[in-house]
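Numbering (my numbering), first residue to last: 1389 to 1494.
Glycine included, each C-beta is placed from N, C-alpha and C at the ideal position.
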Amino acid sequence: MKTILPTLKERNRYLVYEVKENGKCTLNEIRQEMKRAMLQFLGEFEYAKANVLILDDFKKNRGIIKVGHKHVDKVKVALMFIKKFIVETKGVSGTLKKARIKFIGG
């Protein structure tokens, strides 16, 4: 089977976020609320096109979301509509390693 050319691959961005005022919310509740907000704002079709993946890397109330490069701004806006807690985006990176080093600290 042939491999996909690099020009045809989807370019990903890694969005680092911080959860504030989460109180007693668990990681699962945070993930469900984020997914619900993105589905409500983007719709199922755009959510699928955005290729959103909420990673399990969650330290010091910070986490990482993998998203397609064309949909970063839409995902940021969708996160602003969460009412249970405040989600603040810390930055966007092109590689997972750089996102961890630059925004999470290791």
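Boundaries around residue 1418 are those of the alpha helix (DSSP H), 1415-1438, since no beta strand (DSSP E) includes it. Under the Cβ criterion (8 Å, minimum of three pairs), the stretch 1408-1417 counts as touching the stretch 1469-1489.
The C-beta distance from residue 1463 to residue 1396 rounds to 23 Å, too long to fall under 8 Å, and the pair is not in contact. Residue 1435 and residue 1426 have their C-alpha atoms roughly 7 Å apart.
Taking the Cα positions, residue 1399 is about 32 Å away from residue 1413.
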